[in-house]
Amino acid sequence: MQKKDKSFQIFNQLLESPQNSLVQEAADSGRIPIAYTCSFVPEALLMADRLFPVRLTAPGVAGTEIADNYLSCMLCSYTRSIFEYTLDDCYDLIRGWVFVPSCMQMPRVYDNLNYLKKPAFNHIIDVPRKINDATVGWLTEELGILAEKLQNTFGVDMSDTSLRKRIDDWNHFAGAIQALGLLRKKNTPPLSGSDFHSVVMAGLTSPKDLILPHIETLYRKLENQEGTGKYRARLMVVGGHLQDPEFIKIIESQGGLVVVDRFCTGSIPGISPVILNGNPLRSLAEHCFAKTLCPRMMDSFDRRLETIIETVKEYQVDGVVLEILKFCDLWGVEAMPLVSALRNEGIPVLKLEREYRTSGEGQLRTRVQAFIESLGK
Amino acid sequence: MNDIVNKVQEKMGSLTDLMKGIWDDSLIEYLVHTPTTKDALMHLKYWAVNQANVLNFGRKLVSKVGLMGVKSILENNPWILYLLKSDTLVRRLAKGKTGRYHESICVLGEALHLGITELLEEMYFDPSRLVIIEDMLPPDLFQAMGLKVYNLESFGLFLPMLAPDSVLAYIDEAENAGVNPDSCSLPRATIGMVKKGHLPKGLAIVTSNLPCDSGMSAYSYYRRAFNLPIYHLDVPFNFYDERAEDFFVKDLKDMIAFLEQHTPGRMDWDKFREMCINRNRMLEVELELWDMLRVRPAPLAGEAIWLSHFWHYVVTPGKESSANYMKILADLAAANLEENTPATINENYRTLLWNAPFFQFIDIFNWAENNYGITILMDSLSYNHYEPIDVSTPESMLKGWGRVVMQGPMVRHNRGPAENYIDDLFRAYKQFDIDMVWVANHVGCKSSQSLNGMMREQCRAKGIPLLMLDYDLIDPRIVSHDSMLRQVEHFMDNVMKAKKLGQ
Numbered sequence: 166m167q168k169k170d171k172s173f174q175i176f177n178q179l180l181e182s183p184q185n186s187l188v189q190e191a192a193d194s195g196r197i198p199i200a201y202t203c204s205f206v207p208e209a210l211l212m213a214d215r216l217f218p219v220r221l222t223a224p225g226v227a228g229t230e231i232a233d234n235y236l237s238c239m240l241c242s243y244t245r246s247i248f249e250y251t252l253d254d255c256y257d258l259i260r261g262w263v264f265v266p267s268c269m270q271m272p273r274v275y276d277n278l279n280y281l282k283k284p285a286f287n288h289i290i291d292v293p294r295k296i297n298d299a300t301v302g303w304l305t306e307e308l309g310i311l312a313e314k315l316q317n318t319f320g321v322d323m324s325d326t327s328l329r330k331r332i333d334d335w336n337h338f339a340g341a342i343q344a345l346g347l348l349r350k351k352n353t354p355p356l357s358g359s360d361f362h363s364v365v366m367a368g369l370t371s372p373k374d375l376i377l378p379h380i381e382t383l384y385r386k387l388e389n390q391e392g393t394g395k396y397r398a399r400l401m402v403v404g405g406h407l408q409d410p411e412f413i414k415i416i417e418s419q420g421g422l423v424v425v426d427r428f429c430t431g432s433i434p435g436i437s438p439v440i441l442n443g444n445p446l447r448s449l450a451e452h453c454f455a456k457t458l459c460p461r462m463m464d465s466f467d468r469r470l471e472t473i474i475e476t477v478k479e480y481q482v483d484g485v486v487l488e489i490l491k492f493c494d495l496w497g498v499e500a501m502p503l504v505s506a507l508r509n510e511g512i513p514v515l516k517l518e519r520e521y522r523t524s525g526e527g528q529l530r531t532r533v534q535a536f537i538e539s540l541g542k
Numbered sequence: 192m193n194d195i196v197n198k199v200q201e202k203m204g205s206l207t208d209l210m211k212g213i214w215d216d217s218l219i220e221y222l223v224h225t226p227t228t229k230d231a232l233m234h235l236k237y238w239a240v241n242q243a244n245v246l247n248f249g250r251k252l253v254s255k256v257g258l259m260g261v262k263s264i265l266e267n268n269p270w271i272l273y274l275l276k277s278d279t280l281v282r283r284l285a286k287g288k289t290g291r292y293h294e295s296i297c298v299l300g301e302a303l304h305l306g307i308t309e310l311l312e313e314m315y316f317d318p319s320r321l322v323i324i325e326d327m328l329p330p331d332l333f334q335a336m337g338l339k340v341y342n343l344e345s346f347g348l349f350l351p352m353l354a355p356d357s358v359l360a361y362i363d364e365a366e367n368a369g370v371n372p373d374s375c376s377l378p379r380a381t382i383g384m385v386k387k388g389h390l391p392k393g394l395a396i397v398t399s400n401l402p403c404d405s406g407m408s409a410y411s412y413y414r415r416a417f418n419l420p421i422y423h424l425d426v427p428f429n430f431y432d433e434r435a436e437d438f439f440v441k442d443l444k445d446m447i448a449f450l451e452q453h454t455p456g457r458m459d460w461d462k463f464r465e466m467c468i469n470r471n472r473m474l475e476v477e478l479e480l481w482d483m484l485r486v487r488p489a490p491l492a493g494e495a496i497w498l499s500h501f502w503h504y505v506v507t508p509g510k511e512s513s514a515n516y517m518k519i520l521a522d523l524a525a526a527n528l529e530e531n532t533p534a535t536i537n538e539n540y541r542t543l544l545w546n547a548p549f550f551q552f553i554d555i556f557n558w559a560e561n562n563y564g565i566t567i568l569m570d571s572l573s574y575n576h577y578e579p580i581d582v583s584t585p586e587s588m589l590k591g592w593g594r595v596v597m598q599g600p601m602v603r604h605n606r607g608p609a610e611n612y613i614d615d616l617f618r619a620y621k622q623f624d625i626d627m628v629w630v631a632n633h634v635g636c637k638s639s640q641s642l643n644g645m646m647r648e649q650c651r652a653k654g655i656p657l658l659m660l661d662y663d664l665i666d667p668r669i670v671s672h673d674s675m676l677r678q679v680e681h682f683m684d685n686v687m688k689a690k691k692l693g694q
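Taken in sequence, the protein lines are chains A and B. For the first sequence, the working numbering assigns the number 166 to the initial residue and increments by one for each residue that follows. For the second sequence, the working numbering assigns the number 192 to the initial residue and increments by one for each residue that follows.
Set out below in structure tokens:
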């Protein structure tokens, strides 16, 4: 593995708290943190004026006993973990919440939040589950409704001019992440998958303008570096919500190098620039659909499959690790045809079921080790 | 020698059990134990009608596909043999009931038999016009296009009512293929049936984002398994406003265009109007029936209410026969009301069932009625706020039909905000003068599970006795029938402080 660069420390430190130091800094200066949980939320819209988006995490969550009382222990551990932290007031800086009916479970966090905490601003964007002109139009209207509510609640400027500016800022951020990500195409990438994931997650949980300088500094350091090349197989991680870089670190401890990430909180195609085409709200709506590959989208299985296949070729991936949160019905059911289709394409797949908090390290190591060996590496 | 004796004894024991089982399920045993001779004759009459329907279907099937065709259908769809237990189902539902209550179950039984034979005709008689639809989509609009149609999940729900273990092999098939075992068992059973090739293919698939993630996601698999063109209907999250209705009507129009492109189906608005009129008639009659249920003791209860609604609104909507059957039920209730005759003399606890009923242990309702005087008067799959469909124009009909889908069973409860689920419960509680609420706590239903905490607290605050009955929708291995009965007994003992009848 490549020599540990101290530049990653800042990103790892930011991930230790659900409201990191940059969020604190921004909130202290009068900016307004808005929490969100789903990749279908257009971050650029939540960056308007004094707003800034904070993707909710629950680092170090020890248990979800109280959340289980309301949400049931048979729900995905991500929903339960963030709800547990909500009940523990771990998100006390948050001034507003924006959800998406990503699945059947996340809207229940919205419901239970309304029931127990009655936040001043709690909104669900009704994102359709298929993509066509009508649904893009619907989502555009939905984003307009959200923008108006934000404007009325927080007195922020949600005009087209304001949105265009923030789209520009988002594109700048996305560009920096993408540039970093492209370094992983090299035969000897200068950064590991877990390091890259730390950067992405820190980016999603921090104000973009405050984290960007760190990302750009990192890129300048790594741009012309080469890694040691000490790995056995190039891997791609695919799946749902993954926030803990430790999971990828464990995979990489067995000789795999995760060179590309195609999961909810990953960069492909999750962190991509918005193509500004006239109406900024419509551009954001189109971007939401373009950047998120989720089994909730009924009509896009083929697109999800083809994206994985193309990315495997583009990044010279030896095998795919499909990680699924236990109790996630979307990925749990989709995995069956997906794994079958990938294997038919000659792509080796390891399917792993996991919890939100990284656990079962021993089992994970063993399975990854066996998988890499089965690749003949 | 001892081994031989033991083996013979074992065989004799098994044979005895088998004979006992056959006797227990038999018509004769039932007739011997009916409360009155009138009940026995009533039951025999409907039994004869049902047999005639089945024989008529058999004749039509042979004439349509020939004997070899029948053999092929049975070989490729072995689950069909479970349908021979439909008679037994009716007897199980009717056991212990008398008078018009008993008759209402017989009427329901006739509707079930007729509906099943009609559904089988849809599935197998004309593959050149067959379309597969998802279970939350009513078939009538498609039938108005001259198409044959079946809900892919329908037998996954119906077969466990006939035999609790009827779909377990299919569930296991899906799990062995890699489907998560904690998802709802209905999509797993259906995936298993499709995987084994035990369901007919058709020309196209129409599905939707209903009712839940597992059900919806499974269609990515079905599309590839059947290799058919597919259309997805998309119900908005908030669907009680004009904007959502207009959006969905546009979606329905696109769906019709899709079907006209991929199938010989053509929309016949006159036929659809007729079906909507039948729906409206059925709604009117059902509302009359519901009004009568508010009387204590209720003139009808149990499966006559909830299973009738499920059957006629989900499986056979839009048919004149469905409206007629509901009218018969309403007339029976009215006659009982006129004579002050309750459905059951032991109506001690009027109960509201919330969430999908116990399809794999449907006998629990009869058991509860006979043991505690618990009558199920309403359930969440039946309870609705439908309005008659405006049949004046195609647009108004689509809008009305669209509302039915968007506000459909499980749909409005599992989709959309919590108010859809919880406010409805309290409204039904008041409307039907309910004594206690049972939540059918299906382990695979994450949407409803995540509202249990909220519901528990609100019921406690309102002083409503609440039983969260853990079970699995169609897999009795997850929570045994015995365990389900113990949960009810424990609740009745500790919360309701009730003894069993006769104790």
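Where is the CB? At the ideal position from N, CA and C, for every residue including glycine.
Check whether LEU278 of chain A and THR251 of chain A have beta carbons under 8 Å apart: In this structure, THR251 of chain A lies closer than 8 Å to LEU278 of chain A by Cβ.
Which of helix, strand or coil does DSSP assign to ARG606 of chain B? Here ARG606 of chain B sits in coil by DSSP.
Cα-Cα, which of B:ILE382, B:GLU680 and B:LEU353 is closest to VAL370 of chain B? When each option's Cα is compared against that of VAL370 of chain B, the closest is B:ILE382.
Would you call the stretch 471 to 481 of chain B and the stretch 439 to 457 of chain B touching, i.e. three or more CB-CB distances under 8 Å? Short answer: they don't touch.
Residues of its chain near ASN527 of chain B, where Cβ-Cβ distance is below 6 Å and the 5 sequence neighbours each way are ignored: So the list reads ARG291 and PRO490, once near-sequence residues are dropped.
Ordered along the chain, which non-local residues of its own chain (more than five positions away) have a Cβ less than 7 Å from that of MET166 of chain A? The predicted position of MET166 of chain A is uncertain, since its pLDDT is 42 and thus under 50; a value taken from the coordinates is nonetheless stated next. SER357, THR393 and LYS395, listed in sequence order.
Select from B:ASN193, B:PHE438, B:ASP278 and B:SER583 the residue whose C-alpha is nearest the C-alpha of HIS304 of chain B. The residue among B:ASN193, B:PHE438, B:ASP278 and B:SER583 with its C-alpha nearest the C-alpha of HIS304 of chain B is B:ASP278.
Inter-residue spacing [alpha-carbon to alpha-carbon] between SER399 of chain B and GLU325 of chain B: Inter-residue distance for SER399 of chain B and GLU325 of chain B is about 7 Å (C-alpha atoms, whole angstroms).
Quick one: grab the DSSP three-state call for ASP570 of chain B. Strand at ASP570 of chain B.
Helix, strand or coil at ILE440 of chain A according to DSSP, with G and I counted as helix: Note: ILE440 of chain A maps to coil in three-state DSSP.
HIS406 of chain A - DSSP class collapsed to helix/strand/coil: In the structure shown, HIS406 of chain A sits in coil (DSSP, three-state: anything other than H, G, I, E or B).
Mapping the DSSP letters down to three states, classify TYR361 of chain B as helix, strand or coil. In this structure, TYR361 of chain B counts as helix in the three-state DSSP scheme.
Where TYR396 of chain A falls: helix, strand or coil (DSSP): The answer is coil: DSSP assigns TYR396 of chain A none of H, G, I, E or B.
When the Cα atoms are used, what is the spatial distance from PHE550 of chain B to PRO351 of chain B? So the alpha carbons of these two residues sit roughly 6 Å apart.
Please name the residue, chosen from B:GLU344, B:MET336, B:MET517 and B:GLY509, that lies closest to ALA495 of chain B on a Cα-to-Cα basis. For ALA495 of chain B, the nearest C-alpha among the options comes from B:MET517.
Proximal chain A residues relative to SER571 of chain B, where beta-carbon distance stays under 7 Å: Among the residues of chain A, none has a CB under 7 Å from the CB of SER571 of chain B; the nearest is roughly 16 Å distant.
SER641 of chain B (DSSP reduced to helix, strand or coil): Reduced to three states, the DSSP call for SER641 of chain B is coil.
How about LEU487 of chain A and LYS516 of chain A: are their beta carbons less than 8 Å apart? It is a contact, given that the beta carbons lie within the stated cut-off.
At 8 Å on the CB atoms, spell out the chain B contacts of TYR280 of chain A, in chain order. Those are ALA609 and MET645, listed as they occur along chain B.
Check each candidate in A:ILE376, A:LEU377, A:THR370 and A:ASN389 and name the one with the smallest Cα separation from LEU347 of chain A. Checking every option, the nearest Cα to that of LEU347 of chain A belongs to A:ASN389.
Where in the stretch 331 to 390 of chain B do unbroken runs of the beta strand (DSSP E), each at least 3 residues long, occur, reported from the N-terminal end onward? Counting only runs of 3+ residues, the beta strand (DSSP E) found wholly inside the stretch 331 to 390 of chain B occupies 339 to 342, in chain order.
Can you give the Cα-Cα distance for ALA448 of chain B and MET601 of chain B, rounded to whole angstroms? So the two alpha carbons sit approximately 27 Å from each other.
Skipping 5 residues on each side, what residues in its chain have a beta carbon closer than 6 Å to that of VAL281 of chain B? Closer than 6 Å at Cβ, skipping near neighbours: GLY300.
In terms of residues, what are the limits of the alpha helix (DSSP H) holding VAL261 of chain B? 228 to 267 is the span of the alpha helix (DSSP H), which, as asked, contains VAL261 of chain B.
Contact check, PHE438 of chain B vs ALA299 of chain A, beta carbons under 8 Å: Yes, these two residues count as a Cβ contact at 8 Å.
7 Å Cβ cut-off: residues of chain A touching ASN400 of chain B: Correct list: ARG294 and MET463.
Under 7 Å Cβ to Cβ from LYS462 of chain B, same chain only, skipping five residues before and after it: list those, please. Hits under 7 Å: ALA335.
Of the residues A:GLN316, A:ARG329, A:LEU345 and A:MET323, which one's Cα is nearest the Cα of PHE173 of chain A? Considering only alpha carbons, the answer is A:LEU345.
Confirm, please, whether the CB-CB distance from LEU419 of chain B to ALA492 of chain B is below 8 Å. Result no, Cβ atoms of ALA492 of chain B and LEU419 of chain B do not sit closer than 8 Å.
DSSP three-state label for ASN287 of chain A, please. Three-state result, ASN287 of chain A: strand.
Compare the C-beta of ASN185 of chain A with all C-beta atoms of chain B and state if any pair is closer than 8 Å. No, ASN185 of chain A lies away from the interface with chain B (no Cβ there is under 8 Å from its Cβ).
Can you grab the Cα-Cα spacing for the pair LYS168 of chain A / PRO354 of chain A, in whole Å? The predicted position of LYS168 of chain A is uncertain, since its pLDDT is 47 and thus under 50; a value taken from the coordinates is nonetheless stated next. Their Cα atoms are separated by approximately 12 Å.
Can you give me the C-alpha to C-alpha distance between ARG606 of chain B and PHE264 of chain A, rounded to a whole angstrom? A direct Cα-Cα distance of roughly 14 Å separates ARG606 of chain B from PHE264 of chain A.
Tell me the rounded alpha-carbon separation between ARG532 of chain A and ARG519 of chain A. Approximately 12 Å, taken between the alpha carbons.
Strand pairing of LYS518 of chain B, partner residues [DSSP]: LYS518 of chain B pairs with nothing; no bridge assigned.
Is the stretch 223 to 242 of chain A close to the stretch 437 to 448 of chain A, with three or more CB pairs under 8 Å? The stretch 223 to 242 of chain A vs the stretch 437 to 448 of chain A: no contact.
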